[in-house]
Structure formats: C-alpha cells, structure tokens
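Working notes for the structure below.
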DNA sequence: TCAATTGTAATAAAATTTGTTACAATATAA
DNA sequence: TTATATTGTAACAAATTTTATTACAATTGA
C-alpha cells in the first residue's frame, strides 16, 4: 500500500459519519482532505461499490452513509481499498531450475496471506463509529 | 509495500542460508530470482547495512551470511526493507480549518504504527533458519 | 599481470499514483 | 420549464516510485 487510498477512504467516511442524513458534496470533502473533487468522487465510487455509501446526482446532491457507522469496520474499509499484500509483491518468473526459485512463491503465498489476515482480523475490532466519534 | 523488496531479500537470504560458508556471487543469485545482478547487489548492500550479510570483492568474491540464520527473524528482514507503513501513506496538508482534517493524522499515526507493530511482532516468531529449511 | 567480482553511480524505462479537465446525465428549485 | 448544481466517469497529464540497464573504479585471488 504505497498510496493514500486507506487514508482517503477513512477520511471521507469519517466526514460522512459525522454528517448524519445530510448529503455531502465532493467539493466540500475535497476541501477537508485538500485534494481534487474528482479524486474524491473516484474514491466515493469505490466506497459505493463496497456498499458503505450512496450518492445522489443533481442539485442538492452528494453522498451519505448507506449503513450505520457501527456496522462498518476498519477491516471492511481496508479490504475495499487495498491493492497489494502487506508484505508487497512477489517475484514471478523465479527460476524453476533452482530449488529455491522453484518453490519460494508457494511458501510465500502462505506467509503473505497469513500476514494479510492478521491485519484484517485486528482491524475487524475497530468500527468507523468509534473512529469518527473522536472528531465530534 | 507495493514493491518486491521483501520477496527479493528473503530469496537472497534463503540462498545464502543454504550455502553455508561459500561465497555466493550476485550473478548466481540473480539467476535464481530471474533479475539483474546489479539489482541483487543493491539489495545485498541494504542487507549488509542491516548486518545480515558480508560481501567480499574480487575474484572468488561474493556474499555470505554474517550470523547464523537462526538469529535472523523475518521481522528483522521486513524492518530492513520496508519503506511504507502497512496501511499506506497519509494525506499530509489536510485542512486545519476542518475538525477532521485538523486532527485525523494524529489519530491515524496511532492506528498505523499499531498495525505495523502487529505485523512485526508476528514475524518475530519466524526465523530465516526455519524458512530456508524448507528448500533443502 | 590477468580475470572475476563487488559496490556504486548514473541513467533509462516501466509501472503506479495523483491530479486535471471535461462533459453527459440527472435532480432540484424557482 | 428553465437555470443551476451536482454526480459519475472517461481521457489525459504530471509526478512519483519501482525496476532495469550500463558502466566502471576498486579490489582480490590465482
């Protein structure tokens, strides 16, 4: 995760969690993060796909949570945005003639997925509700 | 960690662990990983800085472990090569006028370092010795 | 002295991430 | 029903990170 997607997602969701039923527009969110409204809408799109958010077009449009913040865990958010494993990428095309090159990715698969799972399980205990509460 | 540094480092160290006292050259290592010898030497340089490896120049030169593989944990390796936090980068320059923008990085600092520590602690239980054993 | 090797720098190429611009579709309010 | 504000998305551009390549001085052993 050499990117800001988790930071951005949790920032957006915190703003929505603390905005109740109001429709919050992407320009206002972008102002808080200090980024571009189109970037925010891209991330909102992913958060909609994950079921956390609904959007409404048109004048007075915007976004709001699609479920109580108590029912969104930081694990859910992480899984929605993560695009690499915690320990990084593997070297594909290792040399099959070498005992290590031949077998290492099979061994790493286990280690890498165990490590991901560890992180996910720990984030499961944390809710957006409790995170967002800190800013009120 | 959207890179192959951990994979590469553990691959190199596994080869060295299974090569005992022999001086292993970067060309041979590169052949197993299927990458460039100069890349391997760059990573070896980092592994030397971390104290895991020693190198010798000149004809018959190469690299070998600088301590028993039982005394190198996967946590040590991870720490030596990691360059981002598990949960990624933060948005700096968030808006200080916004209650969330103002405070979020302080809250994320804790979460991010806790998550890193979780991963490191879990890798502490795993040694290079046990990993390398699988390939003999 | 010759040959092989490291260590490192400089550079280039490729991939990923972030930012920008534009606009059709849509929804509200006057 | 018209004007206005907004999303959702695509296309593109810029910036950053990652990986690969080339080169060569310094070193070591034979």
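Chains as they are written, first to last, in UniProt numbering: chain B, 1 to 136; chain L, 1 to 136. Cβ atoms here follow ideal geometry from the backbone N, Cα and C, with glycine treated the same way. Note that the coordinates shown come from a computational prediction; the quantities given were computed from them, not determined experimentally.
Since residue i contacts residue j with CB under 8 Å, what's their CB separation in whole angstroms?
{"i": "residue 81 of chain B", "j": "residue 132 of chain B", "result": "About 17 Å separates the two Cβ atoms, so there is no contact after all."}
{"i": "residue 126 of chain L", "j": "residue 74 of chain L", "result": "4 Å"}
{"i": "residue 54 of chain B", "j": "residue 41 of chain B", "result": "With a Cβ gap of about 14 Å, residue 54 of chain B and residue 41 of chain B do not count as contacting."}
{"i": "residue 34 of chain L", "j": "residue 93 of chain B", "result": "5 Å"}
{"i": "residue 118 of chain B", "j": "residue 118 of chain L", "result": "6 Å"}
{"i": "residue 100 of chain B", "j": "residue 14 of chain L", "result": "5 Å"}
{"i": "residue 77 of chain B", "j": "residue 10 of chain B", "result": "6 Å"}
{"i": "residue 1 of chain L", "j": "residue 84 of chain B", "result": "7 Å"}
I want to see whether chain L comes within less than 7 Å of residue i, judged by CB atoms only; does it?
{"i": "residue 134 of chain B", "result": "yes"}
{"i": "residue 96 of chain B", "result": "no"}
{"i": "residue 12 of chain B", "result": "no"}
{"i": "residue 104 of chain B", "result": "yes"}
{"i": "residue 52 of chain B", "result": "no"}
{"i": "residue 88 of chain B", "result": "yes"}
{"i": "residue 144 of chain B", "result": "Shown here, chain B extends from 1 to 136; a query on residue 144 of chain B therefore has no answer."}
{"i": "residue 79 of chain B", "result": "no"}
{"i": "residue 62 of chain B", "result": "no"}
{"i": "residue 7 of chain B", "result": "yes"}
{"i": "residue 2 of chain B", "result": "yes"}
Under 7 Å between C-beta atoms, does residue i make it to chain B?
{"i": "residue 16 of chain L", "result": "no"}
{"i": "residue 70 of chain L", "result": "no"}
{"i": "residue 65 of chain L", "result": "no"}
{"i": "residue 121 of chain L", "result": "no"}
{"i": "residue 101 of chain L", "result": "yes"}
{"i": "residue 107 of chain L", "result": "yes"}
{"i": "residue 25 of chain L", "result": "no"}
{"i": "residue 91 of chain L", "result": "yes"}
Terminal residues of the continuous alpha helix (DSSP H) containing residue i?
{"i": "residue 41 of chain L", "result": "37-49"}
{"i": "residue 26 of chain L", "result": "26-33"}
{"i": "residue 15 of chain B", "result": "5-17"}
{"i": "residue 87 of chain L", "result": "Run containing residue 87 of chain L: none; DSSP gives neither H nor E here."}
{"i": "residue 128 of chain B", "result": "128-133"}
{"i": "residue 74 of chain L", "result": "74-81"}
Over what stretch of residues does the beta strand (DSSP E) that includes residue i continue unbroken?
{"i": "residue 54 of chain B", "result": "53-56"}
{"i": "residue 113 of chain B", "result": "No beta strand (DSSP E) holds residue 113 of chain B; the alpha helix (DSSP H) holding it covers 99-124."}
{"i": "residue 65 of chain B", "result": "62-65"}
Exercise for review: Mind checking the segment 29-48 of chain B against chain L and listing, in chain order, the residues whose C-beta falls within less than 8 Å of any C-beta there?
Suggested key: When C-beta distances to chain L are compared with 8 Å, the residues of the segment 29-48 of chain B below that value are 31, 32, 33, 34, 35, in chain order.
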